[in-house]
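Each residue of the sequence shown is one higher than the one before, starting from -14 at the first, in the working numbering. Positions of the beta carbon are idealized from the N, C-alpha and C atoms, including for glycine. Small disclaimer: the values here were computed from a predicted structure and weren't measured. Structure record follows, encoded as structure tokens.
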Amino acid sequence: MSSGRRWHAPGLRGRVMLSFAIGASLVSILLAVSVFTISRSYMVAQREGSAERQTSIRAEYVRNVLDGTDLPPAAVVSDLELPAESAVLVRRESQWFASAVGLAAEPVLAKLGGADVALDDGTVRRHVSLFGEPYLAIGVPLNDDGDVLFELSPLSELESALRVLKLALVSCAVLTTLAGALLGLWASRRVLRPLHEVAGTAAQIAGGQLDTRLTETQDTDLTTIVQAFNAMVDSLQLRIDRERRFFGDVSHELRTPLMTLITSVSVLGRHEQDLPDRSRRALVLINAELEHLRRLLDHLLALARAEAGLHKDELEPLSLAELLEHTLAESKRSTDLLVVETDCVVEGRKLALERAFRNLMDNADKHGGGLVEITLREVGGMAMVVVDDAGPGVQVSERTRVFERFVTGNPSRKRTTGTGTGLGLALVAETVKAHDGRVRCVSRPGGGARFVVELPLPQAGPDPIEATPSNRRRDGVAPRWSSRLRT
């Protein structure tokens, strides 16, 4: 079977609705069949009893008239007062006489045949179809000589009443099934509401809000689940806090001996010319690895401070255009790489944001084939900083993991000796999160990776500074910000 035609099992809500609908349908069908069967039996029995009584009365009347007078049987039968569409057949001395003109005895006798149901008193009762209509034929003997009276009573009204009853019962069954489905929908929502709350809470925790917990409930069936879930989150938070403290403590404890090593190696470096070639090469490698270890510890300490909410500076209004230009200049990169479509002023911590943007630039140079462009714009009330590189890009499966600790992505982006620490992007994510923003990795049109940082703009702050015509290039391309902001 092709994937396009593959059957997918319904979800829990669908199964609950289906169960309620099927249950209601079965119950309604059972009730409808029972009611119809009982009602039909009762109505038919009533109709047959009434017809038998009427026929017996007419048979007694005809017997008395024929035996007590000289009236011919045809006159007696034709003078009978009968309900509409009813008819009487009388056999007298082997001759048949009918109350209706054109009514012959042969078709009626052929319908009754040998399948007649003879009662103990000699009465014959049979449902027959004459002239396309249902009739009830009741036969009553007039005497012991074989004379008999048949009365044909129409059953069209009874059949019509039964059809109306059947339609009403079918309609009730359909409505009951729909009501069962709606009841199932309501019940499924009630049943799944706690699961939605658990899913929402789990999503918040997965997003980093580790202080989120399920609300305590009085429902005894849910209390165990809520308590177990909250205990699991407490244990998870405790473990994460221990890991954070461990990384912070280890980084802090290693910093002093590391600085001692760096100082000792720097002293050796002053006498580098006195060392043999092999020793000088070893000294260069030691310097590179010590520098890498120093950056690693710096990042670990910065990450621990950011996660603990400890910051070296306070929130202040920052022009992202100035901050990005300053970061490029401080890192010995060309400010022509910056394209400002709209300057944005955000409330942020300068040192933390500068370190985060520098990490993105370093990541592009070390792992992405070189920094291509940095674009600043405003989108939907958010300041957006786009950092493009010329590397092989990041696989879709790795675009979330690259922001985790010690993850360097696919092999084509891994560091060489003495370069990345695997913490730069984790520090970027933590810094952006601390500023109520978000960061993501996507593909750059034309190849390479694109890191997008979005920071919220103040609700009531300075208006964004648009790029002026004097800053636009003659070829119509978006302006590159290479000088201070125009005021």
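Here His256 is exposed: its Cβ has fewer than 16 other Cβ atoms, across all protein chains shown, within 10 Å. Judged by pairs of C-beta atoms under 8 Å, the region 350 to 365 does not touch the region 416 to 424, as fewer than three such pairs exist.
Taking a C-beta distance under 9 Å as the contact criterion, Val47 and Leu134 qualify as a contact pair. By the neighbour-count criterion, in which 16 or more other beta carbons inside 10 Å mark a residue as buried, Glu439 falls on the buried side. Of the candidates Val183, Asn49, Gln39 and Val125, the residue whose Cα lies closest to the Cα of Glu66 is Gln39.
Annotation for Ser63: Ser84 place their beta carbon closer than 7 Å to its own, counting only its chain and skipping 5 residues before and after.
In terms of Cβ geometry, Val73 and Glu136 form a close pair [threshold 9 Å].
Here Tyr27 is exposed, its C-beta having fewer than 16 other C-beta atoms within 10 Å. The straight-line gap separating the alpha-carbon atoms of Arg76 and Asp132 is approximately 5 Å. Residue environment: Gly366 is assigned as exposed (fewer than 16 neighbouring CB atoms within 10 Å of its CB, all protein chains considered).
Taking 8 Å as the upper bound for CB-CB distance, Leu150 and Ser24 are in contact here, some 6 Å apart. Just so you know, the alpha carbons of Ser156 and Val93 end up roughly 38 Å apart. Here Ile225 is exposed. Its C-beta has fewer than 16 other C-beta atoms within 10 Å. Within the model, the alpha-carbon separation for Leu246 versus Leu285 is close to 19 Å. When the beta-carbon positions are compared, Gly431 and Gly376 stay at least 9 Å from each other. In the DSSP annotation of this structure, Pro68 is not part of any beta strand (DSSP E), being labelled neither H nor E.
For Phe5, the enclosing alpha helix (DSSP H) starts and ends at Leu(-3) to Gly53. Here the alpha carbon of Val235 sits roughly 30 Å from the alpha carbon of Gly353. Pairing Arg334 with Thr312 gives a Cβ-Cβ distance that is not under 9 Å.
Non-local beta-carbon contacts of Arg240 in its own chain, meaning distances under 6 Å to residues more than five positions away in sequence, involve Leu282 in chain order. When C-beta atoms of the region 0 to 20 are compared with those of the region 179 to 189, fewer than three pairs fall below 8 Å, so the two segments do not count as touching. A Cβ-Cβ separation of about 4 Å places Ala306 in contact with Asp328 under the 8 Å criterion. In the DSSP assignment, Glu144 falls within the alpha helix (DSSP H) that extends over Ser141 to Ala191. The closest CA to that of Val324, considering only Asp347, Leu356, Ala337 and Leu300, is found on Leu356. Counting C-beta atoms within 10 angstroms of its own C-beta, Leu223 has fewer than 16 neighbours from the protein chains shown and is therefore classed as exposed.
Apart from the 5 residues on each side of it in sequence, Ser4 sits with its Cβ closer than 8 Å to the Cβ of Gly169 in its chain, given in chain order. One Cα belongs to Val413, the other to Leu345, and the distance between them is close to 8 Å.
Taking all protein chains shown into account, Ser304 has 16 or more neighbouring C-beta atoms within 10 Å of its C-beta and is therefore buried. The beta carbons of Leu121 and Glu33 sit about 6 Å from each other, so the pair counts as a contact at 8 Å.
The continuous stretches of beta strand (DSSP E) do not include Asp204, and DSSP gives it neither H nor E.
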